[in-house]
Ligand SMILES: Cc1cc2nc3c(=O)[nH]c(=O)nc-3n(C[C@H](O)[C@H](O)[C@H](O)COP(=O)(O)OP(=O)(O)OC[C@H]3O[C@@H](n4cnc5c(N)ncnc54)[C@H](O)[C@@H]3O)c2cc1C
């Protein structure tokens with residue numbers, strides 16, 4: 038009889054009496070939540086993060102004298118898993134909730150699209166177009182079998198339900214804003230998941246959706262999280278980029294780090310994006326490597342600006358006009374009290390791009406010049422002298438594109454190498470990328486890894 042990797046794992050866990058040594062690679066919200074749950078189940082856990090601090094995409098940085106998230110983050114009232122985690126960290130009570138306004142920049146003008154009346158007045162669409170747009174969103178919110186939508190391209194699906202005009206005027210610019218040209222290979226499951234998040238409040242029985250944040254932003258959440266992990270006995274190792282994970286002679290996994298450290302573990306969980314996972318795990322089967330390498334990612338170039346004054350006080354301004362260097366404007370200070378930013382306004386200018394986009398070669402100065410020019414075009418009252426600080430964050434692998442039949446091509450979280458697991462945000466198959474989904478994935482994966490051992494016959 039041939040034993041599978043899972044059988045090996047079960048035998049190993051049985052032999053070690055439950056006190057196996059686990060390594061979690063990647064200290065983002067996924068790795069941290071996994072490490073917490075494994076430690077709470079009695080495992081001996083060490084977490085390894087390549088960067089100087091934990092948090093990954095949710096980490097914080099310094100913008101002038103303000104410390105806030107490198108990428109904009111809000112929590113929704115309906116983010117039940119994340120809120121439960123925050124409660125465990127003693128921070129749930131400190132969430133501040135607010136309703137925010139949404140803007141639309143179209144035809145060279147800025148419109149508010151924050152309620153039904155404003156939607157009905159919205160000029161780019163006639164009444165029929167608006168009805169079809171509303172009906173598409175309503176229909177998508179009712180679809181239960183999202184797997185069916187994986188078989189259809191998002192552009193075809195939206196064109197069919199909303200009509201050609203509404204598609205060209207609204208959906209296409211929005212798809213381009215979020216997916217770049219990769220919208221052409223993305224399935225309709227993407228828009229289903231996006232709309233499902235919009236309607237999540239209803240699903241969880243709440244009357245309306247609100248946005249929230251913890252005072253101090255993710256810097257505070259991550260600090261509390263790191264303290265909690267240390268209390269639970271997790272060994273935290275920053276500046277530990279993993280070079281390779283290979284089976285060792287004693288049936289364990291040898292982890293080699295870029296800084297020269299080498300250590301063996303009974304189990305290793307890799308939470309880094311798929312291309313990195315494929316590179317650092319050379320013993321994976323050719324099929325697993327192909328599966329990991331076929332996952333297509335979208336990256337981001339995201340500028341943070343600390344301004345003396347707000348721009349227009351919409352939390353999100355969607356852009357449908359071509360020619361602007363960024364794809365949306367996020368005014369964090371339309372949600373977060375300005376005293377968190379020393380009385381200033383905090384704005385993010387994201388541009389979602391493919392990991393190979395030439396924009397990644399541009400210097401911060403070039404990006405700053407282009408982005409400020411874009412702001413001047415959109416907000417005639419905006420002055421460059423109002424910019425107190427400007428920083429650019431670059432991330433090549435932010436989220437996996439839900440291409441056609443995506444969920445059927447994903448590699449299993451249990452690798453063919455005994456003791457090795459690969460779990461990352463690409464395993465979020467019926468949701469958008471957000472911390473709530475990330476925490477949910479971690480909970481699911483940790484439960485699978487620590488499931489009770491099957492009873493054996495004596
Ligand atoms: C622009 C933007 C806006 C967002 N807005 C929101 C929002 O409003 N609300 C919300 O809930 N979510 C939001 N998110 C999503 C949220 O940030 C993610 O869901 C979450 O941070 C993903 O965590 P992760 O651990 O899966 O991945 P990551 O954060 O990418 O963590 C992976 C970690 O692995 C480390 N790593 C990689 N390679 C190695 C190696 N070889 N050795 C060791 N470590 C390694 C990396 O340094 C990184 O820290 C946003 C994300 C972005 C980019």
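In our numbering, the protein residues as written are 38 to 495.
Positions of the beta carbon are idealized from the N, C-alpha and C atoms, including for glycine.
Check: Among residues of its own chain, excluding the 5 on either side of residue 90, which ones have a beta-carbon nearer than 7 Å to its beta-carbon?; Outcome: 96, 275
Check: Can residue 464 be considered in contact with ligand 1, in the sense that its beta carbon sits closer than 7 Å to one or more heavy atoms?; Outcome: no
Check: On a CA-only basis, which of 246, 221, 222 is nearest residue 232? Give me that one, please.; Outcome: 246
Check: Jot down the residue ranges of each uninterrupted beta strand (DSSP E) in the region 260-310, minimum 3 residues, whole runs only, in chain order.; Outcome: 272-274, 279-284, 290-294, 299-302, 304-307
Check: Taking residue 192 as the reference, which of 441, 477, 342, 237 has the closest Cα?; Outcome: 441
Check: Buried or exposed for residue 454, going by 16 or more other Cβ atoms inside 10 Å?; Outcome: buried
Check: Is any heavy atom in ligand 1 found nearer than 7 Å to the beta carbon of residue 282?; Outcome: no
Check: Return the first residue and the last residue of the alpha helix (DSSP H) that residue 232 is part of.; Outcome: 226-235
Check: Whose C-alpha, out of 367, 484, 417, is nearest the C-alpha of residue 138?; Outcome: 367
Check: Put residue 336 into one of helix, strand or coil per three-state DSSP.; Outcome: strand
Check: Compute the beta-carbon to beta-carbon distance between residue 429 and residue 401, rounded to the nearest angstrom, for a pair I have assumed lies under 8 Å.; Outcome: 5 Å
Check: List the whole-angstrom C-beta distance separating residue 26 from residue 476, where the pair is believed to meet the contact cut-off of C-beta under 8 Å.; Outcome: Any answer about residue 26 is impossible in this case: the structure gives the chain only from 38 up to 495.
Check: On the CB-based measure, 16 or more other CB atoms within 10 Å of its CB, does residue 303 come out buried or exposed?; Outcome: buried
Check: My output table needs one value for residue 210: the three-state DSSP class, helix, strand or coil.; Outcome: helix
Check: Let me know if residue 176 comes out buried or exposed under the rule of 16 or more other beta-carbons within 10 Å of its beta-carbon.; Outcome: exposed
Check: Look at residue 496 and residue 195 and say whether their C-beta atoms are less than 8 Å apart.; Outcome: The structure shown does not extend to residue 496, since the chain is modelled only from 38 to 495, so the question has no answer here.
Check: Measure the alpha-carbon distance for residue 334 versus residue 110 and round it to whole angstroms.; Outcome: 20 Å
Check: So what's residue 451 in DSSP terms, helix, strand or just coil?; Outcome: strand
Check: Leaving out the 5 sequence neighbours to the left and right, which residues in its chain are closer than 7 Å to residue 189 when beta-carbon positions are compared?; Outcome: 224, 225
Check: I'd like the span of the beta strand (DSSP E) that includes residue 81, first residue to last.; Outcome: 81-85
Check: Going by Cα to Cα distance, which pick from 346, 107, 262 is closest to residue 70?; Outcome: 262
Check: How long is the line joining the alpha carbons of residue 211 and residue 363, rounded to whole angstroms?; Outcome: 12 Å
Check: State yes or no: is the C-beta of residue 385 within less than 8 Å of the C-beta of residue 371?; Outcome: no
Check: Per DSSP, which residues does residue 355 bridge with? Please list them.; Outcome: 141, 365
Check: Please report the distance separating the alpha-carbon of residue 40 from that of residue 411.; Outcome: The predicted position of residue 40 is uncertain, since its pLDDT is 48 and thus under 50; no value can be drawn from it.
Check: Please state the DSSP three-state secondary structure of residue 387.; Outcome: strand
Check: Once you ignore the five residues that flank residue 241 on each side, which residues in its own chain have a CB closer than 7 Å to its CB?; Outcome: 115, 117
Check: Smallest Cα separation from residue 347: which of 315, 383, 337?; Outcome: 383
Check: Rounded to a whole number of angstroms, what is the C-alpha to C-alpha distance between residue 381 and residue 374?; Outcome: 10 Å
Check: What whole-angstrom Cβ distance do residue 65 and residue 308 have, given they're in contact under 8 Å?; Outcome: 6 Å
Check: Label residue 187 either buried or exposed according to how many other C-beta atoms from any shown protein chain fall within 10 Å of its C-beta, with 16 as the threshold for buried.; Outcome: buried
Check: Just to confirm my understanding: we take residue 479, look at its own chain, exclude 5 residues before and 5 after, and list those with CB closer than 6 Å. What are they?; Outcome: 67, 70, 71
Check: Taking the continuous beta strand (DSSP E) assigned at residue 466, which residues delimit it?; Outcome: Element bounds for residue 466: n/a, residue is neither H nor E.
Check: Applying the criterion that 16 or more other CB atoms from any shown protein chain within 10 Å of the CB defines a buried residue, is residue 319 buried or exposed?; Outcome: exposed
Check: Taking only the alpha-carbon atoms, compute the straight-line gap between residue 229 and residue 461 and give it to the nearest angstrom.; Outcome: 21 Å
Check: State buried or exposed for residue 134, treating a residue as buried only when at least 16 other CB atoms are found within 10 Å of its CB.; Outcome: exposed
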